[in-house]
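Worksheet for the structure shown next.
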Amino acid sequence: MQTVSEKKGRLHKAYYRNGEHHRAGADVSFGDIVKFFGFRAINIGRWVTKEEQQIAANLFFDALCDLMLILNVPEQVISLRGRLSLGFGVGGRKHSCAHYDASKHQLSLAKNAGGGSLAHEWFHAFDHYICDKVFENCKPYMFASETWLNENHKFIDHPLNLMLSKAFGAVFLDAKSGSASALMQNSIHADAQYKIFYYARPQEVAARAFERVVQEHQIKNTFLVAGTKQSNEASIGLYPSGTDLQNIAHFISEYFLHLARSRCLSN
Numbered sequence: 001m002q003t004v005s006e007k008k009g010r011l012h013k014a015y016y017r018n019g020e021h022h023r024a025g026a027d028v029s030f031g032d033i034v035k036f037f038g039f040r041a042i043n044i045g046r047w048v049t050k051e052e053q054q055i056a057a058n059l060f061f062d063a064l065c066d067l068m069l070i071l072n073v074p075e076q077v078i079s080l081r082g083r084l085s086l087g088f089g090v091g092g093r094k095h096s097c098a099h100y101d102a103s104k105h106q107l108s109l110a111k112n113a114g115g116g117s118l119a120h121e122w123f124h125a126f127d128h129y130i131c132d133k134v135f136e137n138c139k140p141y142m143f144a145s146e147t148w149l150n151e152n153h154k155f156i157d158h159p160l161n162l163m164l165s166k167a168f169g170a171v172f173l174d175a176k177s178g179s180a181s182a183l184m185q186n187s188i189h190a191d192a193q194y195k196i197f198y199y200a201r202p203q204e205v206a207a208r209a210f211e212r213v214v215q216e217h218q219i220k221n222t223f224l225v226a227g228t229k230q231s232n233e234a235s236i237g238l239y240p241s242g243t244d245l246q247n248i249a250h251f252i253s254e255y256f257l258h259l260a261r262s263r264c265l266s267n
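Quick note: the sequence shown, position 237, residue 237 per UniProt numbering, numbers continuous.
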């Protein structure tokens, strides 16, 4: 069991994790992360100090290694065959602690508030990357989750795609009736209540379902994911639970297990 303590900035708090000692007590750099996973690049904000870089690099490395074990996939899946780049303390958005920029294929965490968002943003990156592998004629900005709900796009018949389709079905549809799932209904209701269109966006629903599955795993890392069990969003049903969660977890686990075995995302 490990507790990672932070000294200043975004890292005052302690991030809990119980996974393996991936670094054997040593420090790693963001350059090491790029080489180990095969990321395309890493961008560090100009206001990030050397000390903050070091703290963040260790947190990123442990979290990404934990995600690799949770999904049972090799390093190349985490970097999406080298297409994904990382950002820390750069390109922030107002009211956003983390974001995925589809135009740059970059996952970024804010310097002061990004912890706990990595799994959510990673799934956005994966959802974007996999779209043209699952559907024909995808535009560069499209995500597989939202395209899955659009009957006008032709599905590419492949065993892996069928597995991913089952996962999306478990996220968006009720297993018995085939109508909107409780997660989807709650997301639509939240948007209506707050007069926004955010929670019910398919890519957001799918990313929340994914991070809930990750947090349910026995490997715990609160820098990787947090807030899917005890948060305002969780209290109003914006994460799957019960049998729905079990079904989603099953299909997601099966998909990534077979993806790893197929070596489709391996170099």
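The beta-carbon is built from N, C-alpha and C at its ideal position, and this holds for glycine as well.
My understanding is that residue i touches residue j, with C-beta atoms under 8 angstroms, so please give their C-beta distance in whole angstroms.
| i | j | result |
| --- | --- | --- |
| Gln188 | Ala200 | The question names Gln, yet the displayed sequence has Ile at residue 188. With 8 angstroms as the limit, Ile188 and Ala200 qualify as a contact, their Cβ atoms being about 5 angstroms apart. |
| Ile70 | Ala167 | In fact, because the Cβ distance is near 15 angstroms, the residues do not count as touching under 8 angstroms. |
| Trp47 | Gly89 | 6 angstroms |
| residue 298 | Glu121 | Because the chain here runs from 1 to 267, residue 298 falls outside it and cannot be looked at. |
| Phe30 | Gln53 | 7 angstroms |
| Leu109 | Cys264 | Not quite, the Cβ-Cβ distance comes to about 27 angstroms (not below 8 angstroms), so this is no contact. |
| Ser145 | Asp127 | 5 angstroms |
| Asp62 | Asn221 | 7 angstroms |
| Phe210 | Phe123 | 4 angstroms |
| Leu238 | Glu216 | Actually they do not touch by this definition, with Cβ atoms about 15 angstroms apart. |
| Leu183 | Val214 | At roughly 16 angstroms, the Cβ-Cβ gap does not stay under 8 angstroms, so Leu183 and Val214 are not in contact. |
Consult DSSP for residue i and reduce its assignment to one of helix, strand or coil.
| i | result |
| --- | --- |
| Asp101 | strand |
| Met1 | Confidence in Met1 is poor, its pLDDT being 39 and thus under 50, which makes the residue's placement unreliable; the coordinate value appears in the next sentence. Looking at Met1 - three-state DSSP - the assignment turns out to be coil, as it is neither helix nor strand. |
| Ala249 | helix |
| Glu6 | Any answer about Glu6 is weak, because its pLDDT of 37 lies below 50 and its placement is not dependable; what the coordinates show is given next. Here Glu6 sits in coil by DSSP. |
| Phe197 | coil |
| Asn186 | helix |
| Ser145 | helix |
| Asn232 | helix |
| Glu211 | helix |
| Ala180 | strand |
| Phe223 | coil |
| Asn267 | Confidence in Asn267 is poor, its pLDDT being 48 and thus under 50, which makes the residue's placement unreliable; the coordinate value appears in the next sentence. The answer is coil: DSSP assigns Asn267 none of H, G, I, E or B. |
With respect to the alpha helix (DSSP H) encompassing residue i, which residues constitute its N-terminal and C-terminal limits?
| i | result |
| --- | --- |
| Gly169 | Pro159 to Phe172 |
| Glu121 | Leu118 to Val134 |
Where does residue i land, buried or exposed, given buried means 16+ other C-beta within 10 angstroms?
| i | result |
| --- | --- |
| Lys111 | buried |
| Ser79 | buried |
| Leu107 | buried |
| Gly19 | buried |
| Ala98 | buried |
| Tyr255 | buried |
| Gly178 | exposed |
| Ser85 | buried |
| Gly242 | exposed |
| Thr228 | buried |
| Arg208 | buried |
| residue 289 | Because the chain in this structure spans residues 1 to 267, residue 289 falls outside the shown range and cannot be described. |
| Asp27 | exposed |
| Tyr198 | exposed |
| Gly87 | buried |
| Gln203 | buried |
| Ser231 | exposed |
| His153 | buried |
| Ala119 | buried |
| Arg261 | exposed |
| Ser117 | buried |
| Asn137 | exposed |
| Tyr141 | exposed |
| Asn150 | exposed |
| Gly38 | buried |
| residue 283 | This structure cannot speak to residue 283, because the chain is shown only from 1 to 267. |
At what residues does the beta strand (DSSP E) containing residue i begin and finish?
| i | result |
| --- | --- |
| Gln106 | Gln106 to Leu109 |
| Leu149 | Segment: none, Leu149 is in no beta strand (DSSP E) and carries neither H nor E. |
Runs of beta strand (DSSP E) lying entirely within the stretch 12-55, each at least 3 residues, in chain order: 15-17 and 42-44
Which complete beta strand (DSSP E) runs does the stretch 59-92 hold, if anything under 3 residues is left out? 85-88
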